[in-house]
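The structure appears right after this line, and notes come after that.
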Amino acid sequence: MAGKTKNDLVNQAARKAEMTKSKTKMVLDTLLDSIEKELSSGHKVTLSPLGNFAVTRRKARQGRNPSTGERIQIPAKNDVKFTPSKNIKDQFN
Numbered sequence: 122m123a124g125k126t127k128n129d130l131v132n133q134a135a136r137k138a139e140m141t142k143s144k145t146k147m148v149l150d151t152l153l154d155s156i157e158k159e160l161s162s163g164h165k166v167t168l169s170p171l172g173n174f175a176v177t178r179r180k181a182r183q184g185r186n187p188s189t190g191e192r193i194q195i196p197a198k199n200d201v202k203f204t205p206s207k208n209i210k211d212q213f214n
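In the working numbering, the protein residues as written are 122 to 214.
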């Protein structure tokens, strides 16, 4: 199953909005940059009707090196979590 690339999305949006591809790409890049900045500041981003992006903290934990079986310590880190909206979830049930 093939997915859409950023370029595919730009082309589709440019046609629908009757804008040039370069302006559409600039709008998409600006949107993605804004989302990235909000998340890096620790803020939640809600895109209705798509869903929510939020930064979550993963605790440090024990793991295993799959090639040697040796125990290793996996450090704590921040992750980005996406939670789809109810509308999106309902489309797949």
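Where is the CB? At the ideal position from N, CA and C, for every residue including glycine.
Predicted model, so just to flag it, every value in this text is computed and none were measured.
Expressed to the nearest angstrom, what Euclidean distance is found between the alpha-carbon atoms of residue i and residue j?
i	j	result
Lys210	Thr151	27 angstroms
Pro196	Val131	38 angstroms
Phe174	Asp154	14 angstroms
Lys142	Arg192	50 angstroms
Glu139	Gln133	10 angstroms
Asp200	Gly190	26 angstroms
Arg185	Ser161	29 angstroms
I'd like to check one pair, residue j with residue i: are the Cβ atoms closer than 8 angstroms?
i	j	result
Lys198	Arg179	yes
Lys158	Thr177	no
Report the three-state DSSP secondary structure of residue i (helix, strand or coil).
i	result
Thr145	helix
Lys202	strand
Say whether the stretch 154-174 touches the stretch 200-210, bearing in mind that this needs 3 or more beta-carbon pairs closer than 8 angstroms, one atom from each stretch.
yes
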